[in-house]
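Colleague: Take a look at the following structure, please.
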Amino acid sequence: MKLYNWQFAPNCRRVRMFVLEKGMDLPAMSEVIGDGLRLTPDFIQMWPHAIVPLLELDDGTRFSEAMGICRYFEDINPEPNLLGSTPVERALVTMWERRAYDEGIIGTAEVVRNGLEAFHDRGLPGVTEVVPQIPALVERGQGRVRRFYDKFESQLRESRYVASDRFTFADITSLCAVDFAIFGGMPIPEACPSVKRWHANVSARPAAVSSA
Ligand SMILES: N[C@@H](CCC(=O)N[C@@H](CS)C(=O)NCC(=O)O)C(=O)O
80 MKLYNWQFAP NCRRVRMFVL EKGMDLPAMS EVIGDGLRLT PDFIQMWPHA IVPLLELDDG
140 TRFSEAMGIC RYFEDINPEP NLLGSTPVER ALVTMWERRA YDEGIIGTAE VVRNGLEAFH
200 DRGLPGVTEV VPQIPALVER GQGRVRRFYD KFESQLRESR YVASDRFTFA DITSLCAVDF
260 AIFGGMPIPE ACPSVKRWHA NVSARPAAVS SA
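Positions 80 to 291 (the numbering used here) are the ones given, in order, by the sequence shown.
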């Protein structure tokens with residue numbers, strides 16, 4: 080089994096942290112970022128979807144999408160459960176994990192991909208042709224991340240963890256989202272003390288430290 084990885088990328092960290100929380104060893108990893116923070120030509124030729132994380136099984140089956148990869152790891156190694164152990168908990172984990180991805184990670188991606196010179200002409204991931212940056216998306220992304228922080232503040236005022244009374248994949252994606260937002264110049268606002276408390280708590284987990 081091989082995990083095609085970009086160490087800095089938040090979506091790859093979602094998978095690395097999930098595997099470590101499972102108590103599994105990380106699969107063999109192949110770093111796919113070359114010059115100028117670009118996927119290497121060899122990787123794109125092998126995987127024209129041009130996106131990581133990508134998992135390759137020993138029989139040659141390949142699949143990307145962090146959620147799909149983590150679902151595979153949960154199925155082959157069910158404990159500790161991270162995707163929900165009842166129909167209701169699974170639905171809640173899916174909902175909060177998706178919100179963290181759509182609002183936190185994608186909101187920050189809008190800011191970074193449309194604002195940083197390193198992503199000039201690469202406004203979208205998973206696309207190999209030129210995609211010009213749209214500067215107006217920086218402000219829109221910042222608004223999205225502000226709403227993400229507000230929504231998670233309300234939730235974490237009521238709950239120790241994001242989706243449940245225990246740690247789940249929703250916390251993993253939320254942590255990756257917050258750390259990516261911090262990198263993108265959007266630290267946790269002072270008005271979000273519950274997010275700060277939760278962030279300090281989950282950041283201290285060994286899997287959080289080792290996956291960073
Ligand atoms: N929906 C995908 C998103 C994956 C994604 O956006 N990956 C980024 C890194 S975080 C990527 O492959 N970027 C390639 C590039 O920028 O060329 C998932 O959840 O795994």
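Every residue gets a Cβ at the ideal spot worked out from N, C-alpha and C, and that includes glycine.
Roughly how many angstroms separate the alpha carbons of D250 and L162, rounded to a whole number?
Modeller: Looking at the two C-alpha atoms, the distance is approximately 11 angstroms.
Colleague: My understanding is that G202 touches P211, with C-beta atoms under 8 angstroms, so please give their C-beta distance in whole angstroms.
Modeller: 6 angstroms between Cβ atoms; contact.
Colleague: Quick check: what's the CA-CA separation for V209 versus D200?
Modeller: Roughly 5 angstroms separates the two Cα atoms.
Colleague: Taking only three categories from DSSP, how would you classify M146?
Modeller: If DSSP states are grouped into helix, strand and coil, M146 belongs with the helices.
Colleague: Given 7 angstroms as the limit, tell me if N90 has its C-beta closer than that to any heavy atom belonging to ligand 1.
Modeller: Yes.
Colleague: Apply the 10 Å Cβ neighbour rule to Q221 and answer buried if 16 or more other Cβ atoms are within range, or exposed otherwise.
Modeller: Q221 is buried by the Cβ-count criterion.
Colleague: Roughly how many whole angstroms lie between the Cα atoms of F248 and E176?
Modeller: Whole-angstrom Cα-Cα distance: 7 angstroms.
Colleague: Using a 10 Å radius around the Cβ and a threshold of 16 neighbouring Cβ atoms, would you call E110 buried or exposed?
Modeller: Classification for E110: exposed.
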